[in-house]
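A.B. asks: Per this note's numbering: the sequence shown = residues 1 to 185.
Here's a structure for you.
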Amino acid sequence: MRSFFRLALVVIMTAVPLAAAPAWGQASEAGLAVYEGRLVDLAKGWDGAQSCVVFSTSDTRCFASHADADKLLGYRRDADPLVAQTARSLGAVAAAAVPSCSSGWLCLYENTNGGGRRLQFSDEYWHYLSDWGFNRSTSSWRNNQGASDAGHLSLYNLTTVYNCAARAYALSMGSYNDQAYAVWG
1 MRSFFRLALV VIMTAVPLAA APAWGQASEA GLAVYEGRLV DLAKGWDGAQ SCVVFSTSDT
61 RCFASHADAD KLLGYRRDAD PLVAQTARSL GAVAAAAVPS CSSGWLCLYE NTNGGGRRLQ
121 FSDEYWHYLS DWGFNRSTSS WRNNQGASDA GHLSLYNLTT VYNCAARAYA LSMGSYNDQA
181 YAVWG
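Right, here's the structure in full:
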């Protein structure tokens, strides 16, 4: 009986560190991307890339334009349900303002109105934006993930997270502009 308790104690003690492992991704690979056939460390600069898609911490691909990234992911504005819905309810001018973002992705934009560089995530764990050279650079966003798949941003000087509602967008982060340092989504 004593041996059983010792064995149980050893199993429990060895299992605890595994359960407490951080869920922030693999920092050794995060932020490395392929752009125009070469490896780029996004934390040091984007080398002219305008759109980067984070498939995983070890697979990030960057493109010279949003259109190039959209093409890879199969995004077509004329088939975007949110663009169509906005056009029906608010008109063509409002629909034109909806930022492009492929289905299944959370897109962060450097500037308001979906402008500037774009960084896309779909993994459900926290990513430090500094790994991708996007720390304190988010000014607008679009979440084109499933109906119940909200994204989240951790912001400086805020004890709660900023929620990026599913199938929604914000053309401006308002007072939270350039405050995000981590993303979940």
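Just so you know, even glycine gets a beta-carbon here, dropped at the ideal spot from N, CA and C.
Taking C-beta to C-beta, are Ser89 and Asn113 nearer than 9 Å?
C.D. replies: Here residue 89 refers to the residue found at position 89 of the sequence shown. Here residue 113 refers to the residue found at position 113 of the sequence shown. The answer is no: Cβ separation not under 9 Å.
A.B. asks: Please state whether DSSP places Gln120 in a helix, a strand or coil.
C.D. replies: Locating residue 120 in the sequence shown gives position 120, where the first residue counts as 1. Strand, per DSSP.
A.B. asks: Distance, Cα to Cα, Leu171 vs Pro99?
C.D. replies: In the sequence shown, the residue the question calls residue 171 occupies position 171. In the sequence shown, the residue the question calls residue 99 occupies position 99. So the alpha carbons of these two residues sit roughly 8 Å apart.
A.B. asks: Is it the case that the region 177-185 contacts the region 139-155, given that we only count it when at least three CB pairs across the two stretches are under 8 Å?
C.D. replies: yes
A.B. asks: Ignore the nearest five residues each way along the sequence and tell me which others in Ala49's own chain have a CB closer than 6 Å to its CB.
C.D. replies: Walking along the sequence shown from the start, residue 49 turns up at place 49. Cβ within range, chain order: Tyr35, Cys62.
A.B. asks: I believe Ala30 touches Asp131 by the beta-carbon criterion, under 8 Å. Please report the beta-carbon distance rounded to the nearest angstrom.
C.D. replies: Stepping through the sequence shown from its first residue, residue 30 is reached at position 30. Stepping through the sequence shown from its first residue, residue 131 is reached at position 131. Right, their Cβ atoms sit about 4 Å apart.
A.B. asks: Who are the near neighbours of Gly115 in its chain, counting only those whose CB is closer than 7 Å to its CB and skipping five residues on each side?
C.D. replies: Position 115 of the sequence shown, counting from 1, holds the residue named residue 115. The answer, listed in chain order, is Tyr109.
A.B. asks: Looking at the unbroken alpha helix (DSSP H) that takes in Thr86, where does it start and where does it end?
C.D. replies: Your numbering for residue 86 matches position 86 in the sequence shown. Per DSSP, Thr86 belongs to the alpha helix (DSSP H) from 81-90.
A.B. asks: Skipping 5 residues on each side, what residues in its chain have a beta carbon closer than 6 Å to that of Arg142?
C.D. replies: Here residue 142 refers to the residue found at position 142 of the sequence shown. Excluding residues within five positions, the ones whose Cβ falls inside 6 Å are Pro99, Cys101, Cys107, Tyr169.
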